[in-house]
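Throughout the sequence shown, residue numbering follows this note's numbering, covering 8 to 306 in sequence.
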Amino acid sequence: MLPNKILGKTGLRVTQLGYGSMGLRGPKTWGVRVVDESQADRMLNLVLDSGINFIDTSPDYGICEQRIGRYLSHRRDEFILATKCGCVYTQHENHLEIEHHWDPDVIEGNLKASLGRMKTDHLDLLQFHGGDAETLVNAGLIDLLKRFQEKGLIRFLGVSSKLPNLRGLIQLGVFDTFQIPYSCLQPEHHEMIELAGQGGSGVIVRGGIAHGGPEAVIQRPVLNDVWQEAKLDELLDEGMTRAALILRYTLSHPHCHTSIVGTCDEKHLAENLEAATAGPLPELLYQEVTKRIHRTIHH
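As structure tokens, then:
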């Protein structure tokens, strides 16, 4: 059974392995991993059948929201649904151009469209897709989300962000959750995760596998170099993949409540489930990985 945690002050119990749906964005967007309708249907239902109960999406992930509505709306009570707002996108002939605007009409339009696409009367979590504390407060957007909450359209409000904006957003003390990028190869947000968690907020880690490792579908050579220089292959136990080490390292952070991992590959999903079920790394292994990464990054 997948380990789970309470998502901070929301009180929601989430599986520590969540599902990031960006890979279901469909054609004419960007990059690789384009899947057809039957594969999207199979993958989304497999995610729930596997016990994962947290799904993260966004209006600017192509046709992700439509697919969630199409294939999972009949199972709405089986999962916690999180999406984002502030999203303005233009569909060009062969790619999707994305911008983020901090305007009440955009936020309201995002919410209305998301509810319609996903065939639901409420979102469990609505997250600003970026932004900084001053802008969101001055534009009245946090108050707007609270009004949505009072109407029962959303249950909780969060923000998906990173440094340098994260500290100011945490200090506002208004967000139920924070979505933060983090992996052992990119650990610069370690303290921010701690700060958010200590303040009682739920912490959703993104990029736990995608942001690192020679096995990642989308390659990031800088992070591969960190892996090689830190000689992390030496630390892999028999049968442990690089992706498993990275995911289990993320789950070892005491304030990581769930780590959203996106895949459209059934084999990768099975491997992620196995790694998450194994839980955090043994303490000595965790410390050794940390030490080697620190030495590599700061040498």
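We put the CB at the ideal spot given by N, CA and C, even for glycine. All values reported here derive from a predicted model rather than from experimental measurement.
Straight-line gap, Leu192 to Thr22 (C-alpha atoms, nearest Å)
Counted from its first residue, the sequence shown places residue 192 at position 185. Counted from its first residue, the sequence shown places residue 22 at position 15. Going from the Cα of Leu192 to the Cα of Thr22 covers about 23 Å.
4 or more residues per run - each alpha helix (DSSP H) lying fully within the stretch 25–62
44–56
Tell me which same chain residues have a C-beta within less than 6 Å of the C-beta of Leu179, skipping the five on either side of it?
One-based indexing of the sequence shown puts residue 179 at position 172. Answer for Leu179: Ala140, listed in chain order.
Coarse secondary structure for Cys263, derived from DSSP in three states:
Here residue 263 is taken as the residue at index 256 of the sequence shown, counted from 1. Here Cys263 sits in coil by DSSP.
Give me the Cα-Cα distance between Pro289 and Glu198, rounded to the nearest whole angstrom.
Along the sequence shown, one-based indexing puts residue 289 at 282. Along the sequence shown, one-based indexing puts residue 198 at 191. About 21 Å.
Put Asn11 into one of helix, strand or coil per three-state DSSP.
Residue mapping note: residue 11 aligns to position 4 of the sequence shown, counting from 1. Strand at Asn11.
To the nearest angstrom, report how far apart Asp48 and Gly30 are at their CA atoms.
Counting from 1 along the sequence shown, the entry for residue 48 is found at position 41. Counting from 1 along the sequence shown, the entry for residue 30 is found at position 23. Going from the Cα of Asp48 to the Cα of Gly30 covers about 13 Å.
Which of the three DSSP states is assigned to Val21 in this structure?
For the purposes of this step, residue 21 is identified with residue 14 of the sequence shown, where counting begins at 1. Val21: strand per DSSP, three-state reduction.
Tyr78 versus Leu51 - alpha carbon distance:
Here the question's residue 78 lines up with position 71 in the sequence shown. Here the question's residue 51 lines up with position 44 in the sequence shown. Taking the straight line joining both Cα atoms gives about 7 Å.
Under 8 Å between the Cβ atoms of Ala237 and Ile300?
Position 230 of the sequence shown, counting from 1, holds the residue named residue 237. Position 293 of the sequence shown, counting from 1, holds the residue named residue 300. Cβ distance < 8 Å, so Ala237 and Ile300 count as in contact.
Between which residues of its own chain and Tyr68 is the CB-CB distance below 6 Å, once the five residues before and five after are set aside?
Translated into positions along the sequence shown, residue 68 becomes position 61. The answer, listed in chain order, is Met29 and Arg32.
To test your reading of the DSSP string, which unbroken alpha helix (DSSP H) runs of 4 or more residues are found completely within the stretch 250–305?
273–285 and 290–305
If I follow the unbroken alpha helix (DSSP H) through Gly165, where does it start and stop?
What you label residue 165 is simply residue 158 of the sequence shown in a count that begins at 1. Element bounds for Gly165: not the alpha helix (DSSP H) but the beta strand (DSSP E), Ile161 to Ser167.
Assigned exposure category for Lys119 - 16 Cβ within 10 Å defines buried
Counting from 1 along the sequence shown, the entry for residue 119 is found at position 112. Result: exposed.
Which same chain residues end up closer than 8 Å to Val127 when comparing Cβ atoms and leaving out the 5 residues on each side of it in sequence?
Within the sequence shown, the letter at position 120 stands for residue 127. In the sequence under discussion, the amino acid at residue 127 is Thr, which differs from the Val named in the question. Contacts found: Gly76, Ser80, Arg83 and Leu88.
Thr36 versus Cys271: straight-line alpha-carbon distance, rounded:
Within the sequence shown, numbered from 1, the residue matching residue 36 stands at position 29. Within the sequence shown, numbered from 1, the residue matching residue 271 stands at position 264. Roughly 16 Å separates the two Cα atoms.
Got a sec? Which residues, its chain only, sit under 7 Å from His108 by beta carbon, not counting five neighbours each side?
Your numbering for residue 108 matches position 101 in the sequence shown. Gly93 and Val95.
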